[in-house]
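Residue numbers (my numbering): 10 to 248. In this text, a Cβ means the ideal position worked out from N, Cα and C, and glycines have one as well.
Quick look at the structure:
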């Protein structure tokens with residue numbers, strides 16, 4: 010009798026255990042963690058390459074700025090001699106001023122930007138989002154990851170706009186200095202102003218490129234939206 014009772018009890022416990030396992034536990038997410046997976050990949054890639062990328066960007070900007078300053082100095086001190094040897098004529102004064110102003114101001118701006126980037130502390134994004142990676146509730150974790158992706162996309166868009174606005178500063182400064190030179194010489198304030206803008210137009214082209222090209226963070230958020238919409242058909246507004 011005891012053996013029969015024990016066998017019945019064992020079968021009952023086994024049946025109840027299997028029945029309980031057929032239901033999802035509260036810790037299982039009801040939806041796949043799309044945003045969290047994308048955020049995890051982005052964080053790993055960012056932390057792996059941020060130091061080298063920052064060093065490369067700052068070195069490139071400082072080198073390009075140094076070349077601009079060197080071009081301005083060479084044009085100012087030896088431009089007439091170089092032009093005379095090459096073409097038999099010295100540089101026209103407006104051309105010389107335009108090259109010096111455009112290359113000098115642009116080079117100084119690039120050097121300053123490179124120094125600023127070099128001095129910025131490198132952030133460890135896994136530490137920044139430690140609360141997300143430490144969250145135990147999958148659904149809350151996914152919601153927090155969505156917010157993080159949206160925030161990064163908004164910051165990427167802000168950086169693009171800031172870069173565009175900053176690119177307009179170089180031509181404006183160059184034009185302002187040219188106007189000051191014209192007034193000091195008694196010439197019309199607008200003399201050769203268009204050429205002065207032309208020598209620094211590369212800055213505006215760079216700014217326009219940054220304005221129309223989405224950042225990696227914006228593209229990542231777009232990828233999340235497309236994936237989620239493909240799964241659930243629930244479009245989400247963009248930042």
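Residue j beta carbon less than 7 angstroms from that of residue i
| i | j | result |
| --- | --- | --- |
| residue 227 | residue 185 | no |
| residue 183 | residue 114 | yes |
| residue 89 | residue 76 | no |
| residue 204 | residue 107 | yes |
| residue 135 | residue 52 | yes |
| residue 109 | residue 81 | yes |
| residue 121 | residue 169 | no |
| residue 196 | residue 103 | no |
Presumed contact (8 angstroms Cβ cut-off) between residue i and residue j, rounded CB distance
| i | j | result |
| --- | --- | --- |
| residue 229 | residue 47 | 6 angstroms |
| residue 78 | residue 117 | 7 angstroms |
| residue 173 | residue 216 | 4 angstroms |
Contacts around residue i, its chain only, beta-carbon distance under 7 angstroms, and the 5 residues preceding and following it disregarded
| i | result |
| --- | --- |
| residue 250 | There is simply no residue 250 to check, as the chain begins at 10 and stops at 248 in what is shown. |
| residue 144 | 150, 153 |
Cβ neighbours of residue i in the same chain (closer than 8 angstroms, five flanking residues each side left out)
| i | result |
| --- | --- |
| residue 126 | 63, 66, 67, 70 |
Candidates the options: closest to residue i by CA position
| i | options | result |
| --- | --- | --- |
| residue 187 | 237, 236, 111 | 111 |
| residue 132 | 56, 217, 223 | 56 |
| residue 105 | 94, 83, 95 | 83 |
| residue 213 | 178, 144, 54, 93 | 178 |
| residue 137 | 154, 98, 180 | 154 |
Length of the line joining the Cα atoms of residue i and residue j
| i | j | result |
| --- | --- | --- |
| residue 34 | residue 150 | In this prediction, residue 34 has a pLDDT of 40, which is less than 50 and means its spatial position is unreliable; nothing more can be read from the coordinates. |
| residue 254 | residue 58 | There is no way to answer for residue 254, as the model of the chain reaches only from 10 to 248. |
| residue 140 | residue 189 | 55 angstroms |
| residue 85 | residue 206 | 18 angstroms |
| residue 73 | residue 148 | 48 angstroms |
| residue 224 | residue 237 | 20 angstroms |
| residue 93 | residue 50 | 58 angstroms |
| residue 142 | residue 175 | 36 angstroms |
| residue 161 | residue 167 | 10 angstroms |
| residue 146 | residue 128 | 38 angstroms |
| residue 98 | residue 193 | 26 angstroms |
| residue 54 | residue 95 | 50 angstroms |
| residue 181 | residue 124 | 22 angstroms |
Cβ-based neighbour list, residue i, same chain, cut-off 6 angstroms, excluding 5 preceding and 5 following
| i | result |
| --- | --- |
| residue 191 | 198, 200 |
| residue 38 | Caution applies to residue 38, whose pLDDT of 48 falls short of 50 and renders its modelled position unreliable; the model cannot decide the point. |
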